[in-house]
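Asks: To start, I am sharing the structure in question, which I have written as structure tokens.
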Amino acid sequence: MAFPVLVLLLVTALWGIMLAARQVACVDAAGAGARAAARGESISAVREAVARGLPPGARVEVLRTGESTRVVVALPVRAPVPVGLSPVILRARAVAVTEPGAAEP
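So in our numbering, spot 3 of the sequence shown is number 5, and the numbers just go up one at a time.
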């Protein structure tokens, strides 16, 4: 009786660690994208910079104004075993000061 409970606890703990690692990756990728967009790089280059640090399936939003550049990353993460749960959506946002002369996307 105790073994299935221990396995469930272990899987849950490992999933929590995986979610934390993916959240850190989202924050890093959003920061890289915001820096790239603030320098005036194209939207495709910004998406490439974000995609380098994330698994496929991440959504990226870029908003560049005269003063700031904001990048929002959303990544759906499914449970490690099929249990019928909807995916957890991890989100990260980064804002950088738009450099003078950076073109609008």
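Ideal placement from N, C-alpha and C gives every residue a C-beta, glycine not left out.
1) Per DSSP, what are the beta-bridge partners of residue 99 in this structure?
2) Verify whether the separation of the beta carbon atoms of residue 35 and residue 101 is less than 8 angstroms.
3) State the beta-bridge partners of residue 63 as determined by DSSP.
4) Assuming contact is defined by CB atoms lying nearer than 8 angstroms, are residue 94 and residue 75 in contact in what I supplied?
5) Quick check on the burial criterion: 16 or more other C-beta atoms within 10 angstroms. Buried or exposed for residue 85?
6) When burial is assigned at 16 or more other CB atoms within 10 Å of the CB, is residue 80 buried or exposed?
Replies: In this structure, then:
1) For residue 99, which the question treats as bridged, DSSP gives the partners 70.
2) Result no, Cβ atoms of residue 35 and residue 101 do not sit closer than 8 angstroms.
3) Per the DSSP secondary-structure output, residue 63 pairs in a beta bridge with 74.
4) Yes, they are a contact pair.
5) Exposure of residue 85 is indicated by the presence of fewer than 16 other C-beta atoms within 10 angstroms of its C-beta.
6) Taking all protein chains in view, the Cβ of residue 80 is surrounded by fewer than 16 other Cβ atoms within 10 Å, so the residue is classified as exposed.
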